[in-house]
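S.K.: Per our numbering, the sequence shown starts with residue 2, numbered consecutively.
This is the structure, below, for whatever I ask next.
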Amino acid sequence: MTIAARNPTTAGGDLFGHPRGLAYLFATEMWERFSYYGMRALLTLYMVKYLLLPDRIGQVWGEPALRGALETLFGPLGVQPFASQIYGLYTSLVYFTPILGGLIADRVLGQRRTVIIGAALMAIGHFMMASERLFLLALLMLVLGNGAFKPNISTQVGALYPPGDPRRDRAFSIFYVGINVGAFFSPLVCGTLAVAFGWHYGFAAAGIGMLIGLAIYLKARSVLPPDEFERQQAQPRHPLTQDERRGLFGLAILFVPVTLFWATYEQQGNTIALWAEDYTVRSFDLGFWRGEVPAELFQSINPFLIFAFTPFIVALWSRQAQRGSEPSTVNKMAFGCLGIALANLLMVAAAAGSAAQGNAAVSATWLLGYFVIVTLGELYLSPTGLSLVTKVAPARYLSMTMGVWLATSFLGNFIAGWLGSFWSGMEKRDFFLMIAAIAAAAAAVIFACNRPLRSALKD
Numbered sequence: 002m003t004i005a006a007r008n009p010t011t012a013g014g015d016l017f018g019h020p021r022g023l024a025y026l027f028a029t030e031m032w033e034r035f036s037y038y039g040m041r042a043l044l045t046l047y048m049v050k051y052l053l054l055p056d057r058i059g060q061v062w063g064e065p066a067l068r069g070a071l072e073t074l075f076g077p078l079g080v081q082p083f084a085s086q087i088y089g090l091y092t093s094l095v096y097f098t099p100i101l102g103g104l105i106a107d108r109v110l111g112q113r114r115t116v117i118i119g120a121a122l123m124a125i126g127h128f129m130m131a132s133e134r135l136f137l138l139a140l141l142m143l144v145l146g147n148g149a150f151k152p153n154i155s156t157q158v159g160a161l162y163p164p165g166d167p168r169r170d171r172a173f174s175i176f177y178v179g180i181n182v183g184a185f186f187s188p189l190v191c192g193t194l195a196v197a198f199g200w201h202y203g204f205a206a207a208g209i210g211m212l213i214g215l216a217i218y219l220k221a222r223s224v225l226p227p228d229e230f231e232r233q234q235a236q237p238r239h240p241l242t243q244d245e246r247r248g249l250f251g252l253a254i255l256f257v258p259v260t261l262f263w264a265t266y267e268q269q270g271n272t273i274a275l276w277a278e279d280y281t282v283r284s285f286d287l288g289f290w291r292g293e294v295p296a297e298l299f300q301s302i303n304p305f306l307i308f309a310f311t312p313f314i315v316a317l318w319s320r321q322a323q324r325g326s327e328p329s330t331v332n333k334m335a336f337g338c339l340g341i342a343l344a345n346l347l348m349v350a351a352a353a354g355s356a357a358q359g360n361a362a363v364s365a366t367w368l369l370g371y372f373v374i375v376t377l378g379e380l381y382l383s384p385t386g387l388s389l390v391t392k393v394a395p396a397r398y399l400s401m402t403m404g405v406w407l408a409t410s411f412l413g414n415f416i417a418g419w420l421g422s423f424w425s426g427m428e429k430r431d432f433f434l435m436i437a438a439i440a441a442a443a444a445a446v447i448f449a450c451n452r453p454l455r456s457a458l459k460d
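Here it is as structure tokens:
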């Protein structure tokens, strides 16, 4: 049995004809993503421009041990490469711990209680960022909290719908908009507070956002589907069927190229943030306002474009489906990787223009174009992947399967941090060309797997 075969809470739709529970899950995820992306928008610049400078780094508990471990693997690290490694380690572990969170939910606590624990841990972690000494411990709390929260909020979306309900795919698109509404506003709020009052005010705003998300989720309990954990406790466990094994095998095949997608995509919060800071003209004269836009605010472009473009992408797929020309799920994912490759090729041109002017700052239009193409790629891969997991995941391993899928972001973010460590030592044109080549290779692998995987993935 797959996720779609669970209790269908379908009556009383109040969000585009969907169950009421979707509206609450949308809002909960929106505020959780507000907290995550608000903190992420500040993290690299906070480390490079403030925390890891020689006069402050000694205050961070555990920093010598972490530096020693990383330098054993990667050699001596300057401020920016060390910050990039921490960024990659943090953002990768955020997507590794969902495996554990999914296992705990499936076998011990159930989805609801695990989500509540995760939200509380994340709120604590954000507020701990106010102390420079507790920086690494705060990151650990955020990692553990996200692991408990992330897979179990996503699986509850699919559980709102009965088998074969066509609204389920659209529900994940709506849910994904919620993710990006939070991600859009958070750099604006947290970044503005950090610039105006100090870094720690930005981190505190992220913590408040997480508390709001927790409050919404607690209010929603009466309209959410029952935990799959409770249903499975009352039923005997059976070995995986042949169809279930084929579906899981199909997901496993996609794991490597999707990992490479995230390794290239996640440069946004790392090296692209540094490009915005050091190589982008950020002074604007709009007539009614003149000034310099903080680099952190560029992190809001991608999430804004997500909810701006989603209705058009969904409408396009609907028209293609009516004509029988909608791409398969696997091909959509390949198009997503191709989008990342094209976006980085655009940045190759931007970097070449900067180099020709003596590494001068260039127009922000280059960065806007990058975000437009990256966003289209993301829309073709990320929500499609979440929906795919809910179609093929065995119900008794539901949250753990989602956690394993999210682990593509774990490895991807870890690789992203390693790739970002080359930023300081490479010509920027060559760096972007390297990222484009990796994304293009991922697209080629997925395209090649389309035909053999369509049957296994029921696509």
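Ideal Cβ placement from N, Cα and C applies to all residues, glycine included.
No experiment lies behind these values; they were computed from the predicted model shown.
Mark R134 as exposed unless 16 or more other C-beta atoms lie within 10 angstroms of its C-beta, in which case mark it buried.
M.R.: The residue given as residue 134 occupies position 133 in the sequence shown. Its Cβ having fewer than 16 others within 10 Å, R134 is exposed.
S.K.: When the Cα atoms are used, what is the spatial distance from T402 to T391?
M.R.: Position 401 of the sequence shown, counted from the start, is the residue given in the question as residue 402. Position 390 of the sequence shown, counted from the start, is the residue given in the question as residue 391. So the two alpha carbons sit approximately 9 angstroms from each other.
S.K.: Report yes if the C-beta distance between V375 and A344 is below 8 angstroms; otherwise report no.
M.R.: Locating residue 375 in the sequence shown gives position 374, counting from the first residue. Locating residue 344 in the sequence shown gives position 343, counting from the first residue. Result yes, Cβ atoms of V375 and A344 sit closer than 8 angstroms.
S.K.: Tell me whether the segment 342 to 357 and the segment 432 to 441 touch, counting them as touching only if at least three CB pairs, one residue from each stretch, are closer than 8 angstroms.
M.R.: Taking 8 angstroms as the limit for Cβ pairs, the verdict is that the segment 432 to 441 does touch the segment 342 to 357.
S.K.: Can you tell me whether W367 is buried or exposed, with buried defined as 16 or more other CB within 10 angstroms of its CB?
M.R.: For this step, residue 367 is matched to residue 366 along the sequence shown. The residue in question, W367, is buried, as its Cβ has 16 or more Cβ neighbours within 10 Å.
S.K.: Can you tell me which of the three DSSP states P395 falls into?
M.R.: Position 394 of the sequence shown, counted from the first residue, corresponds to residue 395. Correct three-state label for P395: strand.
S.K.: Give a yes or no on whether the C-beta atoms belonging to L26 and A120 are separated by under 8 angstroms.
M.R.: As a working note, residue 26 is residue 25 in the sequence shown. As a working note, residue 120 is residue 119 in the sequence shown. No.
S.K.: From the DSSP output, in three-state form, read off H127 for me.
M.R.: Within the sequence shown, residue 127 is the residue found at index 126, counting from 1. If DSSP states are grouped into helix, strand and coil, H127 belongs with the helices.
S.K.: Return the bridge partner residues of V363 from the DSSP annotation.
M.R.: In the sequence shown, counting from the first residue as 1, residue 363 sits at position 362. BP columns for V363 point to T281.
S.K.: Quick check on the burial criterion: 16 or more other C-beta atoms within 10 angstroms. Buried or exposed for A443?
M.R.: The count along the sequence shown starts at 1 and reaches residue 443 at position 442. Answer is buried; the Cβ neighbour count reaches 16.
S.K.: Beta carbon of Y266, beta carbon of I180: below 8 angstroms?
M.R.: Taking the sequence shown and counting its residues from 1, one reaches residue 266 at position 265. Taking the sequence shown and counting its residues from 1, one reaches residue 180 at position 179. No; because the gap between Cβ atoms is not below 8 angstroms, this pair is not in contact.
S.K.: Does Q323 pass the burial test, meaning 16 or more other C-beta atoms within 10 Å, or should it be called exposed?
M.R.: Residue 323 sits at position 322 when you count from the first residue of the sequence shown. With fewer than 16 Cβ atoms within 10 Å of its Cβ, Q323 is classed as exposed.
S.K.: Roughly how many whole angstroms lie between the Cα atoms of R430 and A352?
M.R.: Here residue 430 is taken as the residue at index 429 of the sequence shown, counted from 1. Here residue 352 is taken as the residue at index 351 of the sequence shown, counted from 1. If you take the alpha carbons of R430 and A352, they lie about 5 angstroms apart.
S.K.: Residues in the same chain with beta-carbon distance under 7 angstroms from G386, minus the five sequence neighbours each way, listed in chain order, please.
M.R.: Within the sequence shown, residue 386 is the residue found at index 385, counting from 1. Closer than 7 angstroms at the Cβ level, and outside the excluded window around G386, lie V259, M334 and W406.
S.K.: Given a threshold of 16 other Cβ atoms within 10 Å of its Cβ, counted over all protein chains shown, does G18 qualify as buried or as exposed?
M.R.: Taking the first residue of the sequence shown as position 1, residue 18 is located at position 17. With fewer than 16 other Cβ atoms within 10 Å, it is exposed.
S.K.: With distances taken from CA atoms, which of M40, F448, Q358 and V373 is nearest F186?
M.R.: Here residue 186 corresponds to residue number 185 of the sequence shown, with the count starting at 1. Per the Cα distances, M40.
S.K.: The alpha helix (DSSP H) that contains Y462, what's its start and end?
M.R.: Examination of residue 462 is not possible in this model, given that the chain is present from 2 through 460 alone.
S.K.: Drop a sphere of 10 angstroms on the beta-carbon of A357, count the other beta-carbons inside from all chains shown, and report buried for 16 or more, exposed for fewer.
M.R.: Within the sequence shown, the letter at position 356 stands for residue 357. Under this definition A357 is an exposed residue.
S.K.: Within the continuous alpha helix (DSSP H) that includes G102, where are the two ends?
M.R.: Against the sequence shown, residue 102 aligns to sequence position 101. Here the alpha helix (DSSP H) through G102 covers T98 to I105.
S.K.: Just to confirm my understanding: we take K220, look at its own chain, exclude 5 residues before and 5 after, and list those with CB closer than 8 angstroms. What are they?
M.R.: Residue mapping note: residue 220 aligns to position 219 of the sequence shown, counting from 1. Counting only Cβ-Cβ distances below 8 angstroms, and skipping sequence neighbours, we find Y25.
S.K.: Which class does R57 belong to by DSSP, given the choice of helix, strand or coil?
M.R.: In the sequence shown, residue 57 corresponds to position 56, counting from 1. Note: R57 maps to coil in three-state DSSP.
S.K.: Round the Cβ separation of L377 and F448 to the nearest angstrom and send it over; I've been treating them as touching at under 8 angstroms.
M.R.: As a working note, residue 377 is residue 376 in the sequence shown. As a working note, residue 448 is residue 447 in the sequence shown. About 17 angstroms separates the two Cβ atoms, so there is no contact after all.
S.K.: Rounded to whole angstroms, what's the CA-CA distance from L67 to L94? Just pull it up for me.
M.R.: In the sequence shown, the residue the question calls residue 67 occupies position 66. In the sequence shown, the residue the question calls residue 94 occupies position 93. Using only the alpha carbons, I get a separation of about 15 angstroms.
S.K.: Give me, in chain order, the residues of the same chain whose beta-carbon lies closer than 7 angstroms to that of N303; leave out the 5 immediate sequence neighbours on both sides.
M.R.: Within the sequence shown, the letter at position 302 stands for residue 303. Excluding residues within five positions, the ones whose Cβ falls inside 7 angstroms are Q269, F372, V375 and T376.
S.K.: Based on Cα-Cα distance, which residue from A131, G359 and F136 lies nearest to E428?
M.R.: To locate residue 428, count along the sequence shown from 1; it is residue 427. Nearest option by C-alpha distance: G359.
S.K.: What would DSSP say about F448, mapped onto helix, strand or coil?
M.R.: Taking the first residue of the sequence shown as 1, we reach residue 448 at position 447. Reduced to three states, the DSSP call for F448 is helix.
S.K.: On the three-state DSSP scale, how would you describe Y266?
M.R.: Stepping through the sequence shown from its first residue, residue 266 is reached at position 265. Helix.
S.K.: Between which two residues does the alpha helix (DSSP H) harbouring Q81 extend?
M.R.: The sequence position of residue 81 within the sequence shown is 80, counting from 1. Its alpha helix (DSSP H) spans residues V80 to L94.
S.K.: How is the alpha helix (DSSP H) around M348 delimited, first residue to last?
M.R.: If you number the sequence shown from 1, residue 348 lands on position 347. Unbroken alpha helix (DSSP H) run through M348: T330 to A357.
S.K.: Report yes if the C-beta distance between L261 and G159 is below 8 angstroms; otherwise report no.
M.R.: In the sequence shown, counting from the first residue as 1, residue 261 sits at position 260. In the sequence shown, counting from the first residue as 1, residue 159 sits at position 158. No. Outside cutoff.
S.K.: L225 by DSSP, collapsed to three states: which one?
M.R.: Numbered from its first residue, the sequence shown carries residue 225 at position 224. Residue state, collapsed to three classes: coil.
S.K.: By alpha-carbon positions, which one of A296, F285 and S284 ends up nearest to E278?
M.R.: For the purposes of this step, residue 278 is taken as residue 277 along the sequence shown, with counting starting at 1. For E278, the nearest C-alpha among the options comes from A296.
S.K.: When burial is assigned at 16 or more other CB atoms within 10 Å of the CB, is P395 buried or exposed?
M.R.: The residue you call residue 395 lines up with position 394 of the sequence shown. With 16 or more other Cβ atoms within 10 Å, it is buried.
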